[in-house]
Structures are given as C-alpha cells and as structure tokens.
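Q:
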C-alpha cells in the first residue's frame, strides 16, 4: 500500500558510517518513490552528501547548498530534495565483505547490516569502497516530480538535502521474484528477537495468489483472445 515519508537534512556532520536520512539497506520488494514537495531554503542545516566532505564548499553559509553546488557532476537546483546512492544487486556480496573493513577501528557492523540499515556511506567511504573493490553506486539527484524506481535486491541509501515529502509504494515484479525469495531466506536466518526477522511482505501468500489468478485466467480462456 502507498506510504508517505518526509524529513529534513541531518543536523550535524556524523561520525564515519553515520548520517544520511535513510541508511544503506536492502528492501524485500520493488518500490517506487515519488518526491512531491521540497521546502524552500530556510534556516541552514549542515548536510553531508556523497561527493562532499560535510560542508558545502564556497557557500555563504556552509550548511546549505550554495549556488552552483553539485553532486557527481549534477547541479543542485532549488527543486532538488534528495540524493540517492543505488547499488546493483551484483554488488551485494562485495558490500557485505568489504564495508566492515573500511570503518574506523572499533566501529563494528553486525553481519546483517544491509537488513538493519545501520551504516551510511559518506563521500570518504564511497571513495574507499571504489578504490578497494571497484564498486560504485548509481547516483540520483531527486527533484520535485521525480520518481525513483528501486528494483528488489538493490542496496540503497538516501540523504535529504532539503526538507521534503515523498510518497512511495512497494510491489513485486515477476522479474525480481528470485531476489524477493533470497532476501526472505536471509531474514529467516536472523535471531528470533531481531526486529526485521518478520516477513512483512508475505511473499509466499503473494506468489500463491498470483499463481491462482494465473490459473483462473488460463482456465477461463483469458489468454486465448
């Protein structure tokens, strides 16, 4: 079912692995996320986004995007509200193996960190990840009216650069059923008390109902014209 989300930019530079509006994680289903409102620039907020070092260089205030600021070569406009980093499903195993080695000493990640949304990759971590493994995300600068389509199995994170409102809905496409099943299996391995162990999607029921609907359509000659 559709859901609404909103938020502002992080109020202060976070420690390595912290920050972001939505930290790096995997969703069980496909999703589409539509940005419907971006608040005009008001009281400054300090925002670390991939591609910056935490403060906007050359801005009259280091806490808001200055005129001419950019992310990965894309100019930031007043209508832009969020920066997304989206990884390919093929990068998931590399992220699990490499990211724990890139954090400062003493910063520990649980083995389920891609399900927990427990780490945000700032500019330094993104750079180090690419240097060590060659993995780099797709970078999306989302403005008002832009819809971001997220296939199941794509690890992703979001950092709002302005206060904004988004509307999202989840769905399962036939092309990504294998990813849904794999992520459901990963969740079953979590400890019994883990907050994300529950199969909130109910994918087995969903697939059963889809199969029943297909069988009904074939039985009624729905595909014979």
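In my numbering, the protein residues as written are 23 to 247.
Positions of the beta carbon are idealized from the N, C-alpha and C atoms, including for glycine.
Here the structure is a predicted model, which means the values were calculated and not measured.
Helix, strand or coil: which one does DSSP assign to residue 241?
A: Position 219 of the chain shown, counting from 1, holds the residue named residue 241. Note: residue 241 maps to helix in three-state DSSP.
Q: Where do the ends of the beta strand (DSSP E) carrying residue 102 lie?
A: Residue 102 sits at position 80 when you count from the first residue of the chain shown. Where residue 102 is concerned, the enclosing beta strand (DSSP E) stretches over 102 to 108.
Q: Quick test of the definition: if touching needs 3 or more C-beta pairs under 8 Å, does the region 51 to 62 touch the region 187 to 199?
A: Yes, they touch.
Q: In angstroms, rounded to a whole number, what distance separates the CA positions of residue 228 and residue 63?
A: Reading the chain shown from its first residue, position 206 is the one you call residue 228. Reading the chain shown from its first residue, position 41 is the one you call residue 63. For residue 228 and residue 63, the distance between alpha carbons rounds to 43 Å.
Q: Would you kindly report the start and end of the unbroken alpha helix (DSSP H) that includes residue 112?
A: By 1-based counting over the chain shown, the position of residue 112 is 90. Neither: residue 112 is in no alpha helix (DSSP H) and is coded neither H nor E.
Q: In this structure, how does DSSP classify residue 234 when only helix, strand and coil are distinguished?
A: Walking along the chain shown from the start, residue 234 turns up at place 212. Helix.
Q: Going by beta carbon distance, what residues of the same chain come within less than 8 Å of residue 155, once the five residues before and after it are set aside?
A: Here residue 155 is taken as the residue at index 133 of the chain shown, counted from 1. Once the five neighbours on either side are set aside, the close Cβ partners of residue 155 are 116, 120.
Q: State buried or exposed for residue 215, treating a residue as buried only when at least 16 other CB atoms are found within 10 Å of its CB.
A: As a position in the chain shown, residue 215 is number 193, starting the count at 1. Exposed: under 16 other Cβ atoms inside 10 Å.
Q: Just confirm the distance between the C-beta atoms of residue 165 and residue 114, as a whole number of angstroms; I'd bet it's less than 8 Å.
A: Indexing the chain shown from 1 puts residue 165 at position 143. Indexing the chain shown from 1 puts residue 114 at position 92. Not quite, the Cβ-Cβ distance comes to about 28 Å (not below 8 Å), so this is no contact.
Q: Would you call the region 88 to 102 and the region 128 to 147 touching, i.e. three or more CB-CB distances under 8 Å?
A: Output reads no: the region 128 to 147 does not touch the region 88 to 102.
Q: Just checking, does the region 122 to 135 make contact with the region 199 to 207 on the three C-beta pairs under 8 Å criterion?
A: With a cut-off of 8 Å, the region 199 to 207 and the region 122 to 135 do not count as touching, because too few Cβ pairs lie within range.
Q: What does the alpha-carbon distance come out to for the pair residue 182 and residue 61?
A: Your numbering for residue 182 matches position 160 in the chain shown. Your numbering for residue 61 matches position 39 in the chain shown. Approximately 11 Å, taken between the alpha carbons.
Q: Taking only three categories from DSSP, how would you classify residue 141?
A: For this step, residue 141 is matched to residue 119 along the chain shown. It is coil, neither helix nor strand.
Q: If you follow the alpha helix (DSSP H) that residue 208 is part of, which residue opens it and which one closes it?
A: Residue 208 sits at position 186 when you count from the first residue of the chain shown. Element bounds for residue 208: 199 to 210.
Q: Determine the direct distance from the alpha carbon of residue 45 to that of residue 83, and round the result to whole angstroms.
A: What you label residue 83 is simply residue 61 of the chain shown in a count that begins at 1. What you label residue 45 is simply residue 23 of the chain shown in a count that begins at 1. Low per-residue confidence applies at residue 83: pLDDT is 38, beneath 50, and the placement is therefore not dependable enough to give any value.
Q: So, are the CB atoms of residue 201 and residue 173 less than 9 Å apart?
A: As a position in the chain shown, residue 201 is number 179, starting the count at 1. As a position in the chain shown, residue 173 is number 151, starting the count at 1. Contact: yes.
Q: If we require 4 or more residues per run, which alpha helix (DSSP H) segments fall completely within the region 116 to 175?
A: Correct list: 135 to 138, 145 to 155.
Q: Give every residue of the same chain whose Cβ lies closer than 7 Å to the Cβ of residue 186, excluding the five residues on either side of it in the sequence, and list them in chain order.
A: For this step, residue 186 is matched to residue 164 along the chain shown. Same-chain partners within the cutoff: 28, 57, 59, 60, 61, 103, 104.
Q: Who does residue 192 pair with in a DSSP beta bridge?
A: On the chain shown, position 170 is the one that residue 192 refers to. In the DSSP output, where bridge partners are listed per residue, residue 192 has 53.
Q: List the endpoints of the continuous beta strand (DSSP E) containing residue 44.
A: As a working note, residue 44 is residue 22 in the chain shown. Note, residue 44: beta strand (DSSP E), 44 to 47.
Q: Check whether the Cβ atoms of residue 106 and residue 180 sit closer than 9 Å, and answer yes or no.
A: The sequence position of residue 106 within the chain shown is 84, counting from 1. The sequence position of residue 180 within the chain shown is 158, counting from 1. Yes, the pair counts as a contact, with Cβ atoms nearer than the cut-off.
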